[in-house]
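Position 205 (the sequence shown) corresponds to 204 in numbering that gives the first Met the number 0; numbering is contiguous.
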Amino acid sequence: MHIEEFKLERLQSLWENEVEINLTESGIHPYTLRELLDADEIDELLDVRLGYGWTNGEPTLREAIARLYPRAGVDNVLVTNGSAEANFLAMWTLLEPGDEIALMLPNYMQIWGVARALGVEVKPFHLCADAAWRIDLEELEAAVSPRTKMIVVCNPNNPTGAVLSRDEMDAIIEIADRVGAVVYADEVYRGVQLDGEEGPSFHDLYDRAIVAAGLSKALAHPGLRVGWLVGPEPFIADAWHRNDYTTITTALPSEYVATRILEPARRQQILDRNRRMLRENLGLLEDWLASQAQGDPANAWSFTPPQAGGMAFLRYPHRIGSTELATRLRQERSVLVLPGDVYGMDHYLRLGIGEQRETLGKGLTILGDFLATL
Ligand SMILES: Cc1ncc(COP(=O)(O)O)c(C=O)c1O
Numbered sequence: 000m001h002i003e004e005f006k007l008e009r010l011q012s013l014w015e016n017e018v019e020i021n022l023t024e025s026g027i028h029p030y031t032l033r034e035l036l037d038a039d040e041i042d043e044l045l046d047v048r049l050g051y052g053w054t055n056g057e058p059t060l061r062e063a064i065a066r067l068y069p070r071a072g073v074d075n076v077l078v079t080n081g082s083a084e085a086n087f088l089a090m091w092t093l094l095e096p097g098d099e100i101a102l103m104l105p106n107y108m109q110i111w112g113v114a115r116a117l118g119v120e121v122k123p124f125h126l127c128a129d130a131a132w133r134i135d136l137e138e139l140e141a142a143v144s145p146r147t148k149m150i151v152v153c154n155p156n157n158p159t160g161a162v163l164s165r166d167e168m169d170a171i172i173e174i175a176d177r178v179g180a181v182v183y184a185d186e187v188y189r190g191v192q193l194d195g196e197e198g199p200s201f202h203d204l205y206d207r208a209i210v211a212a213g214l215s216k217a218l219a220h221p222g223l224r225v226g227w228l229v230g231p232e233p234f235i236a237d238a239w240h241r242n243d244y245t246t247i248t249t250a251l252p253s254e255y256v257a258t259r260i261l262e263p264a265r266r267q268q269i270l271d272r273n274r275r276m277l278r279e280n281l282g283l284l285e286d287w288l289a290s291q292a293q294g295d296p297a298n299a300w301s302f303t304p305p306q307a308g309g310m311a312f313l314r315y316p317h318r319i320g321s322t323e324l325a326t327r328l329r330q331e332r333s334v335l336v337l338p339g340d341v342y343g344m345d346h347y348l349r350l351g352i353g354e355q356r357e358t359l360g361k362g363l364t365i366l367g368d369f370l371a372t373l
């Protein structure tokens, strides 16, 4: 089976550990185990026996996940290795060659690549740059037909940080319902909305919704590799059966830590800390952008601030292409940023704003110095 290169992940895989400053992360600076757990918990973690555990997820972890979704019980939950595995399993479970899906763009391009490799026709609909990343509902209407198996959204969105309004969610559900389609929502950034409102999950609103999420982004712990799928029981059973062919199970020590993270008070504490970091860093970015435009309005970047998530997606005014810009910045200054080209959107950059403030500040100063030489 041919699969096209997943440009975004490939670029990070190759360079994220080679540079001095990595501004390609979309989540928030992670905790260490020592920062996260108290002494008793660290002791308990040391006693976790390293067996296979439960291949659909440790039961108390599945209960903790189910509690996040008012309409879900444990049998609606499958624990996966990151939300990346959740997305892969879901597409492999639901799609057949010749199917049609409608997919939001811009987007984390995993589902785009997997669906096309499976022989699925992918019809895009867009978030509009000139309308503060609001969804083009007319384009969605036109992309959906009785052959549409699912409407795929990433909400909050990677890379724009846009969050669908309740009206937009209702409109998507109405269009899906009309043709009996699934709404598949990657909600891995849900929880760190900057206004403090978590907002509903598609799972709360639609019987045919399937959602993927995990601990990597809003909850700041990608190194645990814990994600999940929440959906109708027959779908979860089918995805579990396919999980026997992929990774069998997640790691028990990760599941132990994940269960602690999802304790309501601790989860809230982590989200509050993350939101605080994002607000401060967004201020830093906005000051930097103002300094870039100073003196010459032609140097102004166009930017709609993210509503959620650890990244900002910006259009820069310079004539250089985004891949060349990112490559030269890495080679000449050891700073890594994501070029808009990985989303098919040249002249944009995605910058991680979930880093520690000092790292972001340093990276922006270097980026500014570099741009001044162009
Ligand atoms: C929208 C989205 N989904 C899924 C993933 C994969 O994340 P993980 O497998 O670490 O949970 C990412 C990573 O950037 C993402 O942005």
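Ideal placement from N, C-alpha and C gives every residue a C-beta, glycine not left out.
Contiguous alpha helix (DSSP H) elements confined to the stretch 204-262 occur at 232-245 and 251-260, taking only those with 4 or more residues. Taking 7 Å as the cut-off, one finds at least one heavy atom of ligand 1 near enough to the beta carbon of Q109. Residue range R356 to A371 is occupied by the alpha helix (DSSP H) that includes E357. Here the alpha carbons of E3 and S301 stand approximately 30 Å from one another. I100 is bridged by DSSP to V121 and M149. By the Cβ neighbour-count rule, Q291 is buried, with 16 or more other Cβ atoms within 10 Å of its own.
By a beta-carbon distance limit of 8 Å, A325 does not contact L270. Their separation comes to about 30 Å. When DSSP states are grouped into helix, strand and coil, L77 belongs to the strand group. Put simply, the stretch 275-282 does not touch the stretch 99-111. Fewer than three CB pairs are less than 8 Å apart.
In terms of side-chain proximity, the C-beta atom of N298 is found no nearer than 7 Å to any non-hydrogen atom of ligand 1. With a threshold of 7 Å, the Cβ atom of D203 does not count as near ligand 1, since no heavy atom of the ligand is closer than that.
Taken through DSSP and simplified to helix, strand or coil, M108 comes out as coil. When beta bridges are read from the DSSP output, N21 appears opposite L335. Set against 7 Å, the gap from the CB of N273 to the closest heavy atom of ligand 1 is not smaller. Following the DSSP letters along the chain, one finds M168 inside the alpha helix (DSSP H) bounded by residues R165 to R177.
For the pair W239 and A85, the CB atoms are not nearer than the 8 Å cut-off. The alpha-carbon of V151 is positioned some 7 Å away from that of I100. With a beta-carbon spacing of about 20 Å, Y68 and H220 fall beyond the 8 Å limit used to define contacts. In this structure the stretch 231-246 touches the stretch 69-79; the number of beta carbon pairs closer than 8 Å is three or more.
With the rule of 3 Cβ pairs closer than 8 Å, the stretch 134-150 counts as touching the stretch 163-171.
At a threshold of 7 Å, V187 counts as near ligand 1, since its beta carbon sits closer than that to one of the ligand's heavy atoms. With a cutoff of 8 Å on beta-carbon distance, G26 and G353 are scored as near each other. In the DSSP assignment, the residues bridged to A307 are Q192. Relative to ligand 1, A257 has its C-beta separated by 7 Å or more from all heavy atoms. Sequence-distant partners of R146 (beyond 5 residues in either direction) whose C-beta falls short of 7 Å from its own C-beta, in its chain, are E99.
Going by beta carbons, P105 and M310 fall outside the 8 Å limit. By the C-beta density criterion, M90 is buried, having at least 16 other C-beta atoms within 10 angstroms.
With 16 or more other Cβ atoms inside 10 Å of its own Cβ, D185 counts as buried.
Per the C-alpha coordinates, the member of N80, E262, Y51 and G360 positioned closest to E285 is G360. Within the same chain, and ignoring the five residues on either side of I247 in sequence, the residues whose Cβ sits closer than 8 Å to its Cβ are Y51 and T54. In the three-state scheme derived from DSSP, where H, G and I count as helix and E and B as strand, I64 is classed as helix.
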